[in-house]
Amino acid sequence: MVQSHVNVERDGRIARVQLANPARRNALGRTLLEELYVEFSTLGGDPDVGVIVLSATGPAFSAGHDIAEMVGRDEAYYRDLFGACSSLMQLLRSLPQPVIAAVDGVATAAGCQLVAGCDLAVATEQSTFATPGLRLGLFCSTPLVPISRAIGQKRVMQMLLTARSIDAPTALAWGLVNQVVPRDELDAAVDDLAHQILEFSPLVTNLGKSAFYHQAGLSEPSAYEVMNEIMTANAMLPDAQEGLRAFTEKRSPTWG
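Encoded structure:
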C-alpha cells in the first residue's frame with residue numbers, strides 16, 4: 001500500500017489539508033499532486049466546508065517538484081507532471097471555498113506557485129520564496145503564471161531572472177502573501193482569517209470568489225458587463241435580501 005503524504009482534518013466548517021512528506025521537503029512529485037487534486041476536489045464538493053487551509057509539516061512548505069524524480073525522464077513524463085501541477089492550480093481557483101496557504105519555511109518554484117495559487121496566504125517571519133529554475137537550466141514557466149498575477153511583471157521577472165529568494169517581509173510588500181507573523185502565531189492568524197470569512201453567507205462568498213477570477217481575465221468593459229449580471233443575480237438571492245433587511249432593521253443577518 002502506498003503511503004499517503006496528505007493529511008486532511010475537519011474543524012467545524014474549516015478543512016485542513018497538510019502536506020506531510022518532510023523527508024522530501026514536501027516536493028510536488030506526480031503522486032503528491034494527484035493526492036492533492038483528489039482531496040481538494042472532494043472538499044470542493046462538500047457544502048459543509050466553508051474555508052480550506054493548506055499547510056505543511058517540516059522545515060519546508062514545499063521545495064517544488066521532486067528533482068530526483070525528474071532526471072532522465074521522457075517528454076511524456078514532463079508533459080504529464082507539469083500538466084498535473086497546472087490542473088491543481090486551476091482547481092484551486094475553481095473551488096467554491098476560499099483557500100488559505102499557511103506557510104512556514106521555504107516555498108520554492110512549484111511550491112511558490114502553490115502559495116500564489118491559493119486565494120490568501122499567511123507566512124511566518126522565517127519563510128522564504130523563490131523561483132530558482134535557472135540554476136537547474138529549467139525556467140519556472142508554469143510557476144510564473146499565478147505568481148505574476150499576484151505580484152506583477154517587474155517583480156516576478158526579478159525573481160525568475162536572478163533565481164534569488166525573497167524574504168517574508170518582501171513577499172508581503174509585493175503582494176504574494178497577506179500577512180507575516182511570528183512562527184508561534186501562524187495557526188492563530190490563519191484561524192482568525194478563516195473565521196472572519198465564515199461570518200458571511202457561504203453562498204455569496206462562493207459566488208464572489210468565482211466572480212473575481214472570472215472578471216480577472218476580461219477587458220474592463222466586458223468585466224463590468226458580466227459583473228453587472230452577476231451582481232443582479234446576487235441581489236435576488238435570499239441571503240442578499242436577508243442582509244439588506246437586517247441592515248435596515250439594525251440587526252445581525254441570519255444566513256440560509
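Residue numbers (full-length UniProt numbering): 1 to 256. Even glycine gets a Cβ: it sits at the ideal position worked out from N, Cα and C.
Residues of its chain near residue i, where Cβ-Cβ distance is below 7 Å and the 5 sequence neighbours each way are ignored
i: Q215; result: A223, V226 and M227
i: V190; result: V53, I100, A102 and V122
i: E35; result: S4, H5 and V6
i: E9; result: R16
i: G20; result: Note on identity: in this sequence residue 20 is Ala, with Gly being the wrong assignment. Cβ within range, chain order: H5, V6, N7 and T57.
i: N178; result: L120, A121 and V122
i: P253; result: E242, G243 and A246
i: A194; result: I14, V51, V53 and I100
Close Cβ partners of residue i (< 6 Å) along its chain, the five nearest in sequence each way excluded
i: L134; result: A163
i: M101; result: According to the sequence displayed, residue 101 carries Ala and not Met. Only L54, V115, C118 and A121 meet the Cβ criterion.
i: S165; result: T128 and A130
i: A15; result: L43, V49 and I52
i: P59; result: G105
Sheet register partners of residue i (DSSP bridge)
i: E9; result: R16
i: A130; result: T108
i: residue 322; result: Summary: the structure shown does not reach residue 322, with the chain confined to residues 1 through 256, and so no result is reported for it.
i: T124; result: V181
i: S55; result: Q18
i: V103; result: A123
i: I230; result: DSSP, once it has assigned bridges, lists no residue as partnering I230.
i: S141; result: Answer is none; S141 lacks a bridge partner.
i: A60; result: V106
Cβ neighbour criterion (16 or more within 10 Å) applied to residue i
i: T205; result: buried
i: P146; result: buried
i: M236; result: exposed
i: M231; result: exposed
i: K154; result: exposed
i: R73; result: exposed
i: V103; result: buried
i: T42; result: exposed
i: D11; result: exposed
i: S94; result: exposed
i: L244; result: exposed
i: P98; result: buried
i: R79; result: exposed
Proximity to residue i [Cα-Cα], best of the options
i: F139; options: E125, M157 and A56; result: M157
i: A68; options: E39, G83, G50 and A23; result: A23
i: H65; options: T57, Y213 and T31; result: T31
i: P161; options: I197, L172 and L144; result: Going by the sequence as given, residue 161 is Leu instead of Pro. Comparing Cα positions, the closest option is L144.
i: V27; options: V177, A109 and A246; result: The question names Val, but residue 27 is Ala in the sequence shown. Comparing Cα-Cα distances from A27 to each of V177, A109 and A246, the minimum goes to A109.
i: Q126; options: G152, G83 and A171; result: A171
i: E39; options: D80, R25, Q18 and G29; result: Q18
i: Y37; options: G45, Y78 and L88; result: L88
i: A233; options: L203, G111, R149 and E75; result: L203
i: M70; options: L91, G137, R245 and P59; result: G137
i: G83; options: T142, C112, L92 and E229; result: T142
i: D239; options: R251, F200 and E75; result: F200
i: Y77; options: W255, R25, G29 and S210; result: G29
i: Q113; options: D192, L33, D80 and L198; result: L33
i: F61; options: A107, L176, Q196 and L91; result: A107
i: L91; options: I197, R25 and K209; result: K209
i: P47; options: M159, L81, L198 and A150; result: L198
i: F212; options: R251, R149 and G45; result: R149
Same chain only: Cβ atoms within 8 Å of residue i, ignoring 5 sequence neighbours per side
i: N219; result: The question names Asn, but residue 219 is Ser in the sequence shown. For S219, where only same-chain residues beyond five positions count, there are no Cβ hits under 8 Å.
i: T124; result: V103, D104, G105, A168, V180, V181, P182, R183 and L186
i: G256; result: S201, L203, P238, D239 and E242
i: R25; result: G58, P59, A60, S62, A63 and V106
Notebook entry, point to check: At which residue ranges does the stretch 156 to 208 contain complete beta strand (DSSP E) runs of 3 or more residues, listed in the order of the chain?
Noted result: List check, beta strand (DSSP E) in window: 179 to 181.
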